[in-house]
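Visitor: Below: one structure in structure tokens.
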Amino acid sequence: MNNTLNIVFLIIFLGMLIVSSIVMLDTNFEKIFKQGKIGSIRAFFFIVVFLISIFTAWGFRELVSVIYNILNF
39 MNNTLNIVFL IIFLGMLIVS SIVMLDTNFE KIFKQGKIGS IRAFFFIVVF LISIFTAWGF
99 RELVSVIYNI LNF
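Counted the way the working numbering counts, the sequence shown spans residues 39 to 111.
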């Protein structure tokens, strides 16, 4: 079961990296930073995308684990 959960985690994490990157690129979040702060914008972008991806993947992993435990008493 652990291998299955790890595969679910990896697939959701990689998928969410792509989805959250696209969503973040479509927003105008860079307007909250001062002009010319490229390093800060990139760091913020990376941290937000990573956190969204990791928390979503962790949540789906736990959801699959709970469903598996419910169905197998």
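No residue lacks a Cβ here, since even glycine has one placed at the ideal position from N, Cα and C. Every value quoted in this text rests on a predicted model; they were computed, and no experiment measured them.
Can you tell me which of the three DSSP states Lys75 falls into?
Guide: Reduced to three states, the DSSP call for Lys75 is coil.
Visitor: Here's the rule: buried if 16 or more other CB atoms are within 10 angstroms of the residue's CB, otherwise exposed. What is Ser91?
Guide: The residue is buried, with at least 16 neighbouring Cβ atoms inside 10 Å.
Visitor: Near Met62, what residues of its chain come up, given a Cβ to Cβ distance below 8 Å and the 5 sequence neighbours on each side ignored?
Guide: Within the same chain, Met62 has close Cβ partners Phe83, Val86 and Val87.
Visitor: Rounding to the nearest angstrom, what Cα-Cα distance links Leu43 and Asn110 in this structure?
Guide: So the two alpha carbons sit approximately 15 Å from each other.
Visitor: Which residues in the same chain as Met39 place their Cβ atom closer than 7 Å to its Cβ, once the five residues preceding and following it in sequence are excluded?
Guide: Closer than 7 Å at the Cβ level, and outside the excluded window around Met39, lie Tyr106.
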